[in-house]
Amino acid sequence: MATKHPNKHIRQALEYAEAQGWTVRKAGPRAHAWGRIMCGHGHSECRMSIWSTPRSPQDHARDIEHKVDRCPGPASEAADDTDHHAEN
Ligand SMILES: [Zn+2]
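If you read the sequence shown in our numbering, its first letter stands for residue 769, the second for the next number, and so on.
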């Protein structure tokens, strides 16, 4: 990660996201959010804004990790190869 988030909890969540193949993008200096994350599969539901100073950094970090965990993974042709639990 080129730029580290100032909050320890969120930084750890972002590192977790990157470890799962997610992309962490730092926003521009005038953006309201610190940045955003997106999964490596391009799912429209797998995008999330990362705040610089959320009211509860630990909750925000948990939201990030849940978002990462909810990614349905690669398209079905690669489903045999996944190592996480299928939803259905
Ligand atoms: Zn996804």
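Beta carbons are placed, not taken as given, at the ideal position from N, Cα and C, and that holds for glycine.
In this text, all values refer to a predicted model and were calculated from it rather than measured experimentally.
Ordered along the chain, which non-local residues of its own chain (more than five positions away) have a Cβ less than 6 angstroms from that of LYS835?
Answer for LYS835: MET816, listed in chain order.
Please tell me whether, using a cut-off of 8 angstroms, the distance from the CB of GLU813 to the nearest non-hydrogen atom of ligand 1 is below it.
Because some heavy atom of ligand 1 lies under 8 angstroms away, the Cβ of GLU813 counts as near it: yes.
Pull the bridge partners of VAL836 from the DSSP assignment, please.
Looking at the DSSP assignment, VAL836 forms no beta bridge with any residue, so it has no partner.
Is the beta carbon of GLY841 within less than 8 angstroms of some heavy atom of ligand 1?
Because some heavy atom of ligand 1 lies under 8 angstroms away, the Cβ of GLY841 counts as near it: yes.
Inter-residue spacing [alpha-carbon to alpha-carbon] between ALA785 and PRO797
Looking at the backbone, the Cα of ALA785 and that of PRO797 are separated by about 22 angstroms.
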